[in-house]
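>
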Amino acid sequence: MSPDPRSLPRAAKRLTKQTAAKVGGVDEVRGRLDETKERLERARQERDRAREQRDEAREQVSSLKAEVRRAEQRRDAASERASGLGYAHRGLLAAAGGHRLPSELGPAPGKAPEAEVRREQERELKWLNTLARFATTLATGRGFEAAVTDLVRGAQGSPQVTVARQIAQWLYDNEPTRQAGALATGLIAHQMGLPKFAWERLSTLPDEVWLEHAPSEYVLLAGQHDATLARSAVERALAHTGPLSAHTWLTLTRRAMGLGLGDLCTRLAERFDTAAAEDLAGGELSEDEATALEIDRTWMARWAPRIAAGPASPSPAAEGTVSIGVIGYDQPDPRNTSSNIGDYVQTIASMSHLVRHTGARFDDSDLGRFARDLQARVPADLRVDSPEAQVSVHQVDRDASSYSQVPEGTWMIAFGWYAHKLGGVRHDFPFPEHLRPIYVSFHLNKRALLTDETIAHLKAHAPIGCRDHSTVDLLLGQGIPAFFSGCLTTTVRYVRPDETPVRPADAPTVWIDLPAPKGALRVRNERPDVRAAGMVDNLRTALSSLDDYASAYGKVVTGRLHAYLPARSLGCAVDFSPRNPSDIRFAGLAPLTDDEVFEMGRGIADLLEPVMAAILRGEDEATVREAWTEVTAERVAAARARHEQEVELPSLVDIDEAVATIRAGRVDVPRTQDAPAGDEMEIVLALDGNLKDQFLVVVDGLVEHASRPIHLNVLVREHEQADFDRAAALFPTVSFTWWPCDEVTYGDIHAMIPHITVSTMDRLVLPELLTDVDRVVYHDIDALPVADIAELYETDLQGTAIAARDSEASSMQSGYTNIFNPASLKELAPGMGSELIRRETRRHRFDFVGFNAGIMVLDLARMRADNFCERFLPYANNFGMHDQHILNVYVGADRLSLAPGWNARPSQENVVDPKIIHWAGGQKPWVDGYVSYQSSWRRHEDELRRREAEISADRDAGPVDNSTPTRESL
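When we follow the working numbering, the leftmost residue of the sequence shown carries the number 10, and every step to the right adds one.
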């Protein structure tokens, strides 16, 4: 039987295996063959993957080519748009600038201007718009007063404000337009912080003018001058028979609220509501305008009766109940009501120190229910076991606490700062007597707040826990026990629930109230809806934001203090980017390590725990305050030690070297003609090369009226022998000593006023430069004597180092402005602003009146005895202070006030009997444009030109040698 053919391969395989078993190495070959097959299979798979990748790459290349084509199309379209916009931009600039053809400005730009150029162009166009409105108002017959009001308000804050001032002064100085000028100069004076001058001008206006054009300024200034004048003004407004706008009635109502004219508020609010209803019914308002007007109506309807009723009396306290106040932010003016959810974060932080006490039982009010919810969130290890205590929780509005009705003896944690005025007029601070505040995380930097009443209140409720070192030093300087507590928002972790989710590894970065990259997560803590929402609604929104900090965000980027610190407290990374990192509000708060944030929060909690426990036990006020004093004693002692320490400032200026350098260039020019009889007067002027002609005008004024010989000490930069010869030829009765100061530097003077140059700093070396002189009169170049300077020179200084005139500007009437303004400069090194405040609050009690340093009588002997140069010149390079700042903080209140006539400032006051006219500020009599008393300056310019022409003619007529000795010959 023949074998089955199908069995042959099997037989062959068996035979092969049998043979292979007998022949050595076959298995090895077989193994290599199998490996080869596996490698071949892998190679095939890799080939297939490569082919797939190749195909994908081809698709990507194709897609990229298509995207490139689309990008090229977009580029071409963008280029075409840019070209069109460039031509349009150039055309608009040409039209605005009065050019006949756009091509006169050069090629059309192919891209948007740089930011600074764009801002400058925007300012110019806004000014043109202001001028256009001025013309349109006149053309439409609204009257001259309406036109100048538009002009002044439109120019506020712009570089062209000087033009508005020139127009306003000219209008006032000319009789036919004096009423419009009084309105315009009064408004400008108010903008400049010159309340006395502003009232002198606005008070001359008839009712129909100020009611239409300046109701807010008029009533405010009247109230600042005399409360009866404000009442009279409001009563006349109510009796006025002509139509007044809703805006006018709203403004008058706001001011009356702030001025405490409660009995008039209801009538004013009714007039406002009627006028607003008419405007809304007219249908001419935009949607936004109508919405804003409705908000104002609702707000006034709610607040006007409360203001009319006067400060709230305490409500009855429930038997056996502890009353606790929590800070809210409602107040009569919606524009000044907080729109920052960060404020409510502070309130939550304050409540955390109440709710962590386990025995606290809260009432069924909205705030009481919120407190219960907050209590449930306290982590187990942060709870404080305590006996049961029934607690009623009450809202106390930070900026209107007098109108918050709460029970007698209500306790509260008082924190934050009290910056917003009622009606823009007054701060409702300190708290009423029936409140019992415990101050922690308190901030103060408003001069208007630090009244005698406030100082007495803070002393009565001390020690005061302060949020920043600057506030600590300010209060210690007034004899108020204070210490650094840090910020209350570092304690928000006390209401972070134990079950808070873990932060995801890929949690996003959020930008809070800062510009964010495209597509990034951005949150606004400052927003209008916060104003309109109720207290509890805002607290719950704030609580939600804290939950996001704790678990939803990976990082926070913000410039807000009350986003930065609570986020850090909850373990979130933060990039703190405030506009001014050197802001004194942050002294002690940034930068901080994680440990420092934790310890700050724990320190506040440790202070408040025993005090809150005593309050909940129902202890009397004296016992609670004794406990507060005891737990804060070490901190107060540490704060006092820091406040009193001596810190030497590094100086950029070597005084001896600077004086030697100046003396090496000294040029003495004796008088060549007899001067008036008497002892020589030492007068000092300082200038650089751009004021040579103006210097001669000042000297001409001095010489014209002087009854005694004059020796001029001239501190100069950028001068040469020809300048010395010119002055000597024009003023042969004067002896000169020229002191070149070109080689002396003072560091970066960050606070330097724009229209001032470094040459004014040179007067700071006078005590060591003029060691053989004990008294001088310093005279600015922008001032003109119109009386005998000898009377000023003979001023009895009564043992003080400086005689100078008080500042007129409200901001500068406080000497502390000379401390706090430089301390807030952005350019200062971290901590230097706080150091300046520490030093000067230790030296000067609050407050002293600041002075203008343009005209001074200086006792150089006293200044040398005080070691002025060594002690105070370092203030320039360390604190960026200019000379007027430095001189003010040197003397403080220890100076003599000059009579107004010796430093009469026509741009800041009604000048009466001037002896020296001082054009302080940006308006100068030698530049184009009108300024009051300009004719007095121009008369001397004309006289000098005449004399110089005569001198030149005499020189041309004969070989008369009128030259002065050269520096080398001397």
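Backbone N, C-alpha and C define an ideal beta-carbon position, used for all residues, glycine too.
None of the values given here were measured: they were computed from a predicted structure.
Measure from the alpha carbon of ARG99 to the alpha carbon of each residue in SER88, ALA87, SER112, then state which is nearest.
Of the candidates SER88, ALA87, SER112, the one whose C-alpha sits nearest the C-alpha of ARG99 is SER112.
> Is SER816 closer than 7 angstroms to PHE860 when the C-beta atoms are compared?
Contact flag set, yes.
> What is the residue span of the alpha helix (DSSP H) that GLY863 lies within?
Careful: GLY863 lies outside any alpha helix (DSSP H), inside the beta strand (DSSP E) at 860-868.
> Do three or more CB pairs link the region 843-850 to the region 468-487 at distances below 8 angstroms?
Cβ pair count under 8 angstroms is three or more, so yes.
> What residue does the alpha helix (DSSP H) around ARG540 start on, and which one ends it?
Unbroken alpha helix (DSSP H) run through ARG540: 538-541.
> Count Cβ pairs between the region 413-422 and the region 569-581 that sit closer than 8 angstroms; are there 3 or more?
The answer is no - the region 569-581 does not touch the region 413-422, with fewer than three Cβ pairs under 8 angstroms.
> Just the Cα atoms here: how many angstroms apart are VAL785 and VAL676?
Cα to Cα, the separation comes out at about 19 angstroms.
> Can a CB atom of chain D be found closer than 7 angstroms to the CB of SER88?
In summary, chain D is missing from the structure at hand, where a single protein chain is found.
> One question on the structure: do THR330 and SER401 come within less than 7 angstroms of each other, judged by their Cβ atoms?
Yes. Within cutoff.
> Tell me whether PHE424 sits in a helix, a strand or coil according to DSSP, three-state version.
Strand, per DSSP.
> Quick one: using the 10 Å Cβ neighbour count with 16 as the cut-off for buried, is THR460 buried or exposed?
Exposed is the call here.
> How is the alpha helix (DSSP H) around ILE828 delimited, first residue to last?
Segment 826-832, the alpha helix (DSSP H) holding ILE828.
> Would you call GLY627 buried or exposed, if buried means 16 or more other Cβ atoms sit within 10 Å of its Cβ?
Exposed is the call here.
> Buried or exposed: which applies to ALA962, given that a residue is buried once 16 or more other Cβ atoms fall within 10 Å of its Cβ?
So ALA962 ends up on the exposed side.
> Below 8 angstroms on the Cβ atoms is my guess for ALA327 versus VAL481; work out the distance and round it to an integer in Å.
Their Cβ separation, rounded to whole angstroms, is 38 angstroms, which puts ALA327 and VAL481 out of contact at 8 angstroms.
> Decide if SER820 is buried, meaning its Cβ has at least 16 other Cβ atoms within 10 Å, or exposed.
Answer is exposed; the Cβ neighbour count stays below 16.
> Apply the 10 Å Cβ neighbour rule to PRO513 and answer buried if 16 or more other Cβ atoms are within range, or exposed otherwise.
Exposed, by the Cβ-count rule.
> ILE960 to ARG735, Cα distance in whole Å?
One C-alpha to the other measures close to 10 angstroms.
> On the DSSP bridge list, what partners appear for GLU535?
According to DSSP, which records beta bridges pairwise, GLU535 is partnered with ASN349.
> If you draw a straight line from the C-alpha of PRO934 to the C-alpha of GLN355, how long is it?
The straight-line gap from Cα to Cα measures roughly 53 angstroms.
> Does DSSP classify ASP771 as helix, strand or coil?
ASP771 falls in the helix class under three-state DSSP.
> What is the C-beta distance between LEU230 and TRP258, in whole angstroms, given that I count them as a contact (C-beta under 8 angstroms)?
Not quite, the Cβ-Cβ distance comes to about 19 angstroms (not below 8 angstroms), so this is no contact.
> Please classify ALA1036 as buried or exposed, where buried requires at least 16 other C-beta atoms within 10 Å of its C-beta.
It is not possible to answer for residue 1036, since the shown part of the chain is limited to 10 through 979.
> By the three-class DSSP mapping on this structure, what secondary structure does ARG880 have?
Residue state, collapsed to three classes: helix.
> Please list, in chain order, all residues of the same chain as ALA796 whose beta carbon is under 6 angstroms from its beta carbon, the five residues on each side excluded.
If we look at ALA796 and ignore the five residues flanking it on each side, its Cβ neighbours are HIS714, LYS924.
> From the DSSP secondary-structure annotation, give me the bridge partner or partners of SER72.
None, per the DSSP bridge assignment.
> Would SER3 pass as a contact of ILE593 if the rule is Cβ separation under 7 angstroms?
No statement about residue 3 is possible, as the shown extent of the chain runs from 10 to 979 and does not include it.
> Closer than 8 angstroms is the cut-off here; do at least three beta carbon pairs connect the region 874-885 with the region 767-780?
The answer is yes - the region 767-780 touches the region 874-885, with three or more Cβ pairs under 8 angstroms.
> Quick one: complete alpha helix (DSSP H) runs, 4+ long, within the region 197-245?
Whole alpha helix (DSSP H) segments, 4+ residues: 204-211, 216-222, 224-234.
> I'd like the list of long-range same chain contacts for GLY406, defined as Cβ closer than 8 angstroms, with 5 residues on each side in sequence excluded.
The residue asked about is misnamed: residue 406 is Asp in this sequence, not Gly. So the qualifying residues of the chain are ILE336, GLY337, TYR338, ASP339, GLN340, TYR412, SER413.
> Quick check on PRO506: buried or exposed, where buried means 16 or more other Cβ atoms within 10 Å of its Cβ?
Its Cβ having fewer than 16 others within 10 Å, PRO506 is exposed.
> Report the rounded CA-to-CA distance for GLU666 versus GLN822, giving the unit in angstroms.
Roughly 36 angstroms separates the two Cα atoms.
> Per DSSP, what kind of secondary structure is ILE765 in: helix, strand or coil?
It is coil, neither helix nor strand.
> Comparing C-alpha positions only, which one of LEU261, ASP394, TRP426, ILE671 sits nearest to ASP408?
Looking at the Cα atoms, TRP426 is the closest of the given residues.
> Leaving aside the five residues before and after GLY808 along the sequence, list all residues of the same chain whose C-beta is less than 8 angstroms from its C-beta, in chain order.
Taken in chain order, the residues that qualify are ARG871.
> Excluding the five sequence neighbours on either side, which residues of its own chain have a C-beta within less than 7 angstroms of the C-beta of CYS274, listed in chain order?
Within the same chain, CYS274 has close Cβ partners THR262, ALA265, MET266, ALA313, ILE316, ALA317.
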